[in-house]
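Okay, structure first, notes after.
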Amino acid sequence: SFVGTTPPGAKVTVPKLRTLVPGPVAHTFLDADGKGVVYFERRDKRFWRVLPEGAPTLVSPHEFPAIAKAVFSPNRSRVIITVPDGAVISYEFSSGYQTTLPRTWRDISFSPDGTRMVFKHIGSTIVDRFLMTAAPDGEGSEVVTTLGEDSSRVFSIWSPAGDIITLFTEHKAQDEAHL
Numbered sequence: 133s134f135v136g137t138t139p140p141g142a143k144v145t146v147p148k149l150r151t152l153v154p155g156p157v158a159h160t161f162l163d164a165d166g167k168g169v170v171y172f173e174r175r176d177k178r179f180w181r182v183l184p185e186g187a188p189t190l191v192s193p194h195e196f197p198a199i200a201k202a203v204f205s206p207n208r209s210r211v212i213i214t215v216p217d218g219a220v221i222s223y224e225f226s227s228g229y230q231t232t233l234p235r236t237w238r239d240i241s242f243s244p245d246g247t248r249m250v251f252k253h254i255g256s257t258i259v260d261r262f263l264m265t266a267a268p269d270g271e272g273s274e275v276v277t278t279l280g281e282d283s284s285r286v287f288s289i290w291s292p293a294g295d296i297i298t299l300f301t302e303h304k305a306q307d308e309a310h311l
């Protein structure tokens, strides 16, 4: 192990670093092709894409006043945005089509092909808490199972293979969890 040291005679190549985007950005995601980065520019309130060898390009001219959370579809064609007041918006970049989703939809995750979402519907009472799926525009919503008191222990996440849509944790001890 060479933690914190370089062995004698080792050739070390330090990569050249350069700034791709001046200033801070938010909600960054690796682009679908793995070559670029999609990000939200807080100053102009829009989404941009930058490649390692190029200047940033605008993904959409639409401005979003503020974003608390952003979840991109696998091919980066759509984003689910949660704004600070709790509103949830589905926005498709190519068409500019925007849909307001229910505020009760939380922890949204896309299917591997981006055609469905899994999420927790968290209503005001314990009996109004469900694991659900829907199309990215909110159409065709279906209840998968009730969550009840377990909603805080369920994580809606679609597996890469598409065969798992949630994880359930059970804490047995202070430093132990079961999945």
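Position one of the sequence shown corresponds to residue 133 (my numbering), numbered consecutively onward.
The beta-carbon is built from N, C-alpha and C at its ideal position, and this holds for glycine as well.
Between which residues of its own chain and residue i is the CB-CB distance below 7 Å, once the five residues before and five after are set aside?
| i | result |
| --- | --- |
| Val191 | Val170, Phe179, Trp180, Arg181, Phe225 |
| Pro197 | Lys177 |
| Gly255 | Thr236, Arg261 |
| Pro216 | Ala198, Ala200 |
Pull up the DSSP beta-bridge partners for residue i, would you.
| i | result |
| --- | --- |
| His253 | Trp237, Phe262 |
| Val203 | Ile212 |
| Ile221 | Ile213, Thr232 |
| Phe179 | Phe172 |
| Thr298 | Ser288 |
| Phe242 | Met249 |
| Phe161 | Val170 |
| Leu190 | Trp180 |
Three-state secondary structure (DSSP) at residue i?
| i | result |
| --- | --- |
| Arg174 | coil |
| Glu274 | strand |
| Arg285 | helix |
| Gly141 | coil |
Examine the ligand COA and report whether any of its heavy atoms sits within less than 7 Å of the Cβ of residue i.
| i | result |
| --- | --- |
| Phe225 | Of ligands this structure carries none, so the ligand COA is not represented either. |
If you drop the 5 nearest sequence neighbours on each side, which residues of the same chain put their C-beta closer than 6 Å to that of residue i?
| i | result |
| --- | --- |
| Ser241 | Val250, Ser288, Ile289, Trp290 |
| Val286 | Leu279, Thr298, Phe300 |
| Ile212 | Val203, Ser222, Ile240 |
| Thr214 | Ala200, Lys201, Val220 |
Check the C-beta distance from residue i over to residue j and give it rounded, since I have them as a contact under 8 Å.
| i | j | result |
| --- | --- | --- |
| Thr236 | Arg248 | Going by Cβ atoms, the distance from Thr236 to Arg248 rounds to 18 Å, so no, they are not a contact pair. |
| Ile296 | Val276 | About 12 Å; that fails the 8 Å criterion. |
| Arg210 | Phe161 | About 12 Å; that fails the 8 Å criterion. |
| Gly246 | Pro268 | 7 Å |
| Phe172 | Ala158 | 5 Å |
So, at 8 Å on beta carbons, what are the nonlocal neighbours of residue i in its own chain, with the 5 sequence-adjacent residues on each side left out?
| i | result |
| --- | --- |
| Ser284 | none |
| Glu274 | Met264, Thr265, Ala266 |
| Glu195 | Asp176, Lys177, Arg178 |
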